[in-house]
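Undergrad: When we follow numbering that gives the first Met the number 0, the leftmost residue of the sequence shown carries the number 0, and every step to the right adds one. Dropping a structure here in structure tokens format, bear with me for questions.
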Amino acid sequence: MVEVARREEATNLKNSRQFNDLQWHEILRELGVRTGRIGYTIPKIREKFTRIKKVYKIFKHMKDHTGFGWDEASQTVTATDDVWQTYLQVCEL
Numbered sequence: 000m001v002e003v004a005r006r007e008e009a010t011n012l013k014n015s016r017q018f019n020d021l022q023w024h025e026i027l028r029e030l031g032v033r034t035g036r037i038g039y040t041i042p043k044i045r046e047k048f049t050r051i052k053k054v055y056k057i058f059k060h061m062k063d064h065t066g067f068g069w070d071e072a073s074q075t076v077t078a079t080d081d082v083w084q085t086y087l088q089v090c091e092l
């Protein structure tokens, strides 16, 4: 979904931070083609996109925070227990 949305974002001539109705329909169509599923709806993919953006913001904040690393093999954020404790206290997640 992210790949499809980023491609649509590149076609946005107004440099808007939101997709227009035509772009959402194209994302919906492309997801159906790529997955073979026809049960997607625009409200559902908007909700999913919002959740993905929220998780990405948390991930990016962690990644940019001193003491965090990235384990390529397991595709996870890494840190010592002390770093996690400090981060969780400061961010109040």
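For every residue, glycine included, the Cβ atom is placed at its ideal position computed from N, Cα and C.
#1: Is THR85 helix, strand or coil when you go by DSSP?
#2: Is the beta carbon of LYS62 less than 9 Å from the beta carbon of VAL82?
#3: Checking 9 Å against the spacing of the C-beta atoms, do ILE51 and TRP23 come in under that value?
#4: Around the Cβ of PHE58, are there at least 16 other Cβ atoms within 10 angstroms (buried) or fewer (exposed)?
#5: Measure the C-alpha to C-alpha separation of GLN88 and TRP69 and round it to an integer number of angstroms.
#6: State the start and end residues of the unbroken alpha helix (DSSP H) segment that holds GLY31.
#7: In chain order, what residues of the same chain have a beta carbon less than 7 Å from the beta carbon of HIS64, not counting five sequence neighbours either side?
TA: Quick look at the numbers:
#1: Within the sequence shown, the letter at position 86 stands for residue 85. For THR85, the secondary structure class from DSSP, reduced to helix, strand or coil, is helix.
#2: Locating residue 62 in the sequence shown gives position 63, where the first residue counts as 1. Locating residue 82 in the sequence shown gives position 83, where the first residue counts as 1. Taking 9 Å as the Cβ cut-off, LYS62 and VAL82 do not qualify as a contacting pair.
#3: If you number the sequence shown from 1, residue 51 lands on position 52. If you number the sequence shown from 1, residue 23 lands on position 24. Cβ atoms of ILE51 and TRP23: not closer than 9 Å.
#4: Taking the sequence shown and counting its residues from 1, one reaches residue 58 at position 59. Looking at its Cβ environment, which holds fewer than 16 other Cβ atoms inside 10 Å, PHE58 is exposed.
#5: On the sequence shown, position 89 is the one that residue 88 refers to. On the sequence shown, position 70 is the one that residue 69 refers to. So the alpha carbons of these two residues sit roughly 21 Å apart.
#6: Your numbering for residue 31 matches position 32 in the sequence shown. Per DSSP, the unbroken alpha helix (DSSP H) holding GLY31 starts and ends at 20–34.
#7: In the sequence shown, the residue the question calls residue 64 occupies position 65. Cβ contact annotation for HIS64 (same chain, cutoff 7 Å, sequence separation greater than five): TYR86, in chain order.
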